[in-house]
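Enquirer: So the sequence shown is numbered by numbering that gives the first Met the number 0: it starts at 0 and just counts up by one. Ideal Cβ positions, reconstructed from N, Cα and C, are used throughout, including at glycine.
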Amino acid sequence: MRSVVLLLTAGLLLSGCATSPPGDINNLCAIFQEKDGWYKSALASQKRWGTPIHVQMAIIRQESAFRDDAQPPRSKILGFIPWSRPSSAYGYPQAKDDTWDWYIKKTGNRGADRDDFADAIDFVGWYTAVSHDKLGISKWDARHQYLAYHEGHGGYRNHSYRKKAWLLKVADKVDRQSKAYASQLKGCEKDLDTGWSLWPF
């Protein structure tokens with residue numbers, strides 16, 4: 000009985016490690032070296048939807064800091080009693096229920112989960128591709144892609160972001176992160192493609 004308990008405990012610990020965020024979320028090479036399979040998923044999304052890996056990853060970095068179970072903080076009654084959450088946003092992409100359902104309907108990716116990285120980055124690739132088709136936003140333009148991602152296509156079309164100085168600053172931050180990721184990826188992309196690396200040495 001004791002051995003069974005130990006095995007279950009070990010399993011829980013291992014599963015917890017498997018879903019933990021990367022150790023260095025600001026270094027794209029470190030992320031892909033640490034998280035087995037993430038580069039393959041990101042590359043598959045890039046090939047399918049045309050949005051560069053560094054743009055997709057910068058959006059996820061901003062939305063969830065690569066936490067699979069990320070959710071908006073609950074509002075509080077009287078300043079300390081936890082209450083409801085402001086939206087249904089969840090997972091790596093912080094996609095809301097209705098937007099996620101739209102993605103599944105359009106792509107046929109049934110069974111997709113927002114806390115699964117492969118599904119999450121495919122969603123980001125799809126959404127940015129729709130933003131390109133509907134709004135004419137370049138798939139390489141992390142700043143405006145993020146604004147459309149955050150405000151929705153209708154909000155972006157109506158320029159809702161212009162009244163949100165804080166959001167414009169966040170979009171600039173995403174743009175800077177995207178450019179940093181792009182530069183980093185150039186240094187390790189060849190090794191990632193061949194599946195060989197001496198990282199972190």
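Taking the C-alpha atoms as reference points, what is the distance between ALA64 and ASP23?
Expert: 10 Å
Enquirer: Quick one: grab the DSSP three-state call for ALA94.
Expert: strand
Enquirer: Candidates ALA69, HIS143, SER19: which alpha carbon is nearest ALA88's?
Expert: That would be ALA69, whose Cα lies nearest to the Cα of ALA88.
Enquirer: Can you check whether the CB of SER44 is closer than 7 Å to the CB of GLY110?
Expert: It is not a contact, given that the beta carbons lie outside the stated cut-off.
Enquirer: Given a threshold of 16 other Cβ atoms within 10 Å of its Cβ, counted over all protein chains shown, does TYR148 qualify as buried or as exposed?
Expert: buried
Enquirer: What does DSSP give as the partner residues of TYR102 in its beta bridges?
Expert: Per DSSP, none; premise fails for TYR102.
Enquirer: Hey, would you say TYR145 sits closer than 7 Å to ILE58, going by beta carbons?
Expert: yes
Enquirer: Please report the straight-line C-alpha distance between THR18 and ARG66, rounded to a whole angstrom.
Expert: Spanning the two alpha carbons is a distance of roughly 8 Å.
Enquirer: Quick check: what's the CA-CA separation for GLY153 versus ALA119?
Expert: 22 Å
Enquirer: Using only the alpha-carbon positions, how far apart do ILE136 and THR50 sit?
Expert: Roughly 11 Å between the two C-alpha positions.
Enquirer: Near ARG113, what residues of its chain come up, given a Cβ to Cβ distance below 7 Å and the 5 sequence neighbours on each side ignored?
Expert: TYR89, GLY90, TYR91, PRO92, ALA94, TRP99, ALA119
Enquirer: Thinking ALA128 and TRP48 are a contact (beta carbons under 8 Å), I'd like their distance in whole angstroms, please.
Expert: 4 Å
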